[in-house]
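Following this note's numbering, the numbering of the first sequence begins with 1 at its first residue and continues without gaps. Where is the CB? At the ideal position from N, CA and C, for every residue including glycine. In what follows, a single structure is set out as C-alpha cells and then discussed.
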Amino acid sequence: MSTSGTPQFRYTQTPSKVLHLRNLPWECTEEELIELCKPFGRIVNTKCNVGANRNQAFVEFADLNQAISMVSYYASSSEPAQVRGKTVYIQYSNRHEIVNNKSPGDVPGNVLLVTIEGVEAGDVSIDVIHLVFSAFGFVHKIATFEKAAGFQALIQFTDAETASSARNALDGRSIPRYLLPEHVGSCHLRISYSAHTDLNIKFQSHRSRDYTNPYLPVNPTAIEGITQPAVGPDGKKKEPESNVLLASIENMQYAVTVDVIHTVFSAFGTVQKIAIFEKNGQTQALVQYPDITTAAVAREALEGHCIYDGGYCKLHLSYSRHTDLNVKAYSDKSRDYTIPDANLLAVQAAPGVPAAPPAWQNPQAAPLYPEYSAAAAVHGQVPSGQVPSWDPTMQGGRSTYVSAPGTYPGQNFATSSSIPAYAAVSAVAMPAGSSPLSHTGPLSQPGVPPNVRPVGASPPGQPPYYGQ
DNA sequence: AGCACA
C-alpha cells in the first residue's frame with residue numbers, strides 16, 4: 001500500500017518488453033544498442049541518448065520473453081553487459097512500450113529504402129545505384145520502383161551495420177554528377193530503413209537485381225531497359241499497353257475483395273494474378289491477364305463502370321508497367337491463380353492455347369458478362385449480421401450454388417467446361433438497398449434477365465477450385 | 001547508476 005504509488009525505483013520489477021539501460025557511453029548510438037541487445041530477440045524500437053547525460057536508453061523487444069532472456073542472462077553472467085568497454089546496467093522499464101516519434105524507417109535493418117529525389121526512373125540505372133552502394137559492402141539485391149514519393153530503390157545488405165554505414169554516409173547526399181545524365185539537376189538521396197529483411201527478386205532486369213543468384217532468369221521484356229512512352233496521334237503520351245491492368249476504385253463505399261475483382265475481370269479472360277493495395281488513400285488493384293489483347297478488351301469494357309449499382313466502386317483502368325506480378329499466392333490482398341495445379345494448368349497455362357478467347361468474339365457474351373460479374377461480385381458469404389438483403393435465396397444467411405455452369409451466359413469463354421469461373425466468389429459485403437441482379441446497373445445491359453443464380457459461399461477463405 | 005517523448 002505505502003509503496004503502491006510511483007516509486008522512485010523498485011527492487012522487484014515487473015517484466016516488460018521494454019528494457020531500461022543506463023551507464024551507457026555518452027551518446028551511445030542506436031547501432032551499438034542493437035548490437036548489444038539483438039542476440040536476445042528482435043528489437044522493434046529503441047530510444048537512445050536519454051537523460052541529462054544522454055547515457056541512458058530504452059530498447060523494446062518484439063516479445064516479452066526476449067526481454068526476459070536478456071535480463072536473466074546478464075543477471076547471472078560473470079561478464080556484465082558492455083558497450084565500448086563500459087558496463088551497462090539493464091533492467092525492465094516501467095513502461096511497456098516505447099513511444100517516440102520515430103518512424104518505422106528509422107529502425108535499422110539490413111535493407112535500405114532509398115528515395116532518389118528529382119529524377120525519373122530512367123535517369124538512374126540500377127548499375128549506378130549498385131556502384132554507389134557497393135562502396136559500403138556487398139549489395140545482395142536491389143529492387144527499384146516508382147512511387148508517389150519518386151523513384152525508389154530497396155537495397156539489401158548483409159546486415160544492419162553495413163546498411164547503416166551506407167545510410168549514414170549517403171543520406172542527404174547526392175549521386176555523383178558524372179554518373180548521371182546531363183539533364184538531371186540535383187538528385188538527393190533520402191535513405192531510411194525498410195522493414196524487409198530479404199527481397200524477393202524474380203528476375204534480373206532493369207528494375208531489379210539479385211547479385212547473389214547469377215542464374216536467376218533474365219526478364220526479357222524488362223531487361224530491354226527504359227522504353228519511351230509512345231506518343232498517340234493527339235501528341236499526348238500514350239501509356240504502353242500491357243497485359244496487366246491497373247484499376248483504381250473510386251467511391252469505394254463497399255468492400256472490394258480479391259474475389260470481387262477476380263469475378264469482374266474474369267469476364268474477359270483468365271485472370272492470372274491479382275494484387276490489391278492502397279495508394280494515396282485510394283484502393284487500387286493490379287490485374288494480370290495472359291496477354292495484352294485480353295487486357296485491352298477488359299479495359300475497354302470496364303473503364304468508367306461501377307462494380308456496384310449506384311455509382312459505387314467506379315473503376316478507372318490503365319495499363320500497368322508490370323508484366324508479371326509478384327504476389328502472394330493466397331492472401332486477403334492478393335491471389336496467384338497460376339500456381340501449379342494439375343487441373344488449372346491445363347486450362348490456364350497450356351502454351352499456345354489461349355485460355356480465354358477475347359470477349360469480342362462473342363458479341364452477346366461480352367455485355368452480358370459484366371452484369372453477371374457485378375451480380376456475383378456482391379454476392380457470397382458475408383460476416384454474420386451482414387447477410388445481403390437482396391437475394392431471397394439468401395435468407396438465413398444460406399447461399400446456394402449455381403445450378404449448372406451451362407446456365408451461365410458466357411461461361412464457355414471464361415473457363416473450361418469443368419470449372420465455373422465465378423466459383424471464386426466468396427466474401428463480399430453487400431451494399432444494402434443495392435440490387436445489381438434486379439436493376440440495370442452501370443455494368444448491366446438492358447433486356448438481360450438475371451438468369452444466373454449467384455454462386456454460393458466458398459469454404460471460408462478458400463475459393464473452391466484453387467487449393468492452396 | 002535508477003525511466004523519455006509528444
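Can you tell me which of the three DSSP states V244 falls into? Three-state DSSP puts V244 in a strand.
Sorted by chain position, which residues of the same chain lie with C-beta nearer than 8 Å to N243's C-beta, five sequence neighbours on each side aside? Q288, Y289, P290, D291, I292, T294, A295 and T323
So, under 8 Å CB-CB, V71 and Q91 are touching, yes? Tell me the CB distance rounded to an integer number of Å. 7 Å
Host alpha helix (DSSP H) of A298 (start-end): I292 to L302
How far does the beta strand (DSSP E) with I469 in it reach, from first residue to last? Residue 469 lies beyond the range of the chain shown here (1 to 468); nothing can be said about it.
Go through its chain and collect everything with a Cβ distance to I249's Cβ below 6 Å, but skip five positions before and after it. V256, T283 and C313
Would you list the residues sitting across from F268 in a DSSP beta bridge? None, per the DSSP bridge assignment.
Looking only at its own chain, which residues have a Cβ that is under 6 Å from the Cβ of A67, when we skip the five neighbours before and after it? K17, L19 and F61
Are the CB atoms of G118 and S174 nearer to each other than 7 Å? no
Between the C-alpha atoms of Y254 and E182, what's the straight-line distance to the nearest angstrom? Going by C-alpha positions, Y254 is about 48 Å away from E182.
With DSSP as the reference, label T325 as helix, strand or coil. For clarity, residue 325 is Leu in the given sequence; the question names Thr instead. In this structure, L325 counts as coil in the three-state DSSP scheme.
Between which two residues does the beta strand (DSSP E) holding Y99 run? Position check: residue 99 holds Val in this sequence, whereas Tyr was assumed. According to the DSSP assignment, V99 belongs to no beta strand (DSSP E), since it is labelled neither H nor E.
Please classify C28: does DSSP put it in a helix, a strand, or coil? In the displayed model, C28 falls within coil according to three-state DSSP, outside both helix and strand.
Mapping the DSSP letters down to three states, classify H130 as helix, strand or coil. Collapsing the DSSP output to three states places H130 in a helix.
Would you decide whether G447 is buried or exposed? Buried here means 16 or more other CB atoms lie within 10 Å of its CB. Below a pLDDT of 50, predicted positions are generally treated as unreliable, and G447, at 34, falls in that range; no measurement from the model is reported.
Among P104, F58, D123 and E32, the one whose alpha carbon lies nearest that of N94: F58
So, for Y74: in the same chain, excluding its five sequence neighbours on each side, which residues have a beta-carbon less than 7 Å away from its beta-carbon? P80, A81 and I90
Alpha-carbon spacing of L302 relative to R335, whole angstroms: Near 21 Å, if we compare the C-alpha coordinates of R335 and L302.
Closest by CA to N23, which one among K38, L180 and C48? C48
Provide the residue span of the alpha helix (DSSP H) that contains L216, from first to last. Run containing L216: none; DSSP gives neither H nor E here.
Can you give the Cα-Cα distance for I201 and E241, rounded to whole angstroms? 24 Å
H20 (DSSP reduced to helix, strand or coil): strand
Assuming contact is defined by CB atoms lying nearer than 7 Å, are V114 and L189 in contact in what I supplied? yes
Contact check, Y193 vs G109, beta carbons under 7 Å: Their beta carbons are under 7 Å apart, which means Y193 touches G109 by this criterion.
Buried or exposed: F151, going by 16 or more other Cβ atoms within 10 Å of its Cβ? buried
Rounded to whole angstroms, what's the CA-CA distance from Q44 to G85? Just pull it up for me. It should be noted that the sequence gives Val, not Gln, for residue 44. Whole-angstrom Cα-Cα distance: 25 Å.
To the nearest angstrom, how far is the alpha carbon of A143 from that of S77? 43 Å
Over the uninterrupted beta strand (DSSP E) stretch that includes S334, give me the two end residues. S334 to D336
Starting from L64, follow the beta strand (DSSP E) in both directions and report where the run begins and ends. Premise fails: L64 lies in the alpha helix (DSSP H), L64 to S76, not in any beta strand (DSSP E).
How would you call G172, buried or exposed, if buried means at least 16 neighbouring beta carbons within 10 angstroms? exposed
Same chain, Cβ closer than 6 Å to V179, five either side skipped, listed in chain order: According to the sequence displayed, residue 179 carries Leu and not Val. Excluding residues within five positions, the ones whose Cβ falls inside 6 Å are V128.
According to DSSP, is K202 part of a helix, a strand, or is it coil? Looking at K202 - three-state DSSP - the assignment turns out to be coil, as it is neither helix nor strand.
Return the first residue and the last residue of the beta strand (DSSP E) that T162 is part of. Premise fails: T162 lies in the alpha helix (DSSP H), A160 to L170, not in any beta strand (DSSP E).
Looking only at its own chain, which residues have a Cβ that is under 6 Å from the Cβ of E146, when we skip the five neighbours before and after it? If we look at E146 and ignore the five residues flanking it on each side, its Cβ neighbours are A121.
With DSSP as the reference, please indicate the residues paired to S471 in a beta bridge. Not covered by the structure: residue 471. The range shown for the chain is 1 to 468.
On the DSSP bridge assignment, give the partners of Q91 in chain order. H20
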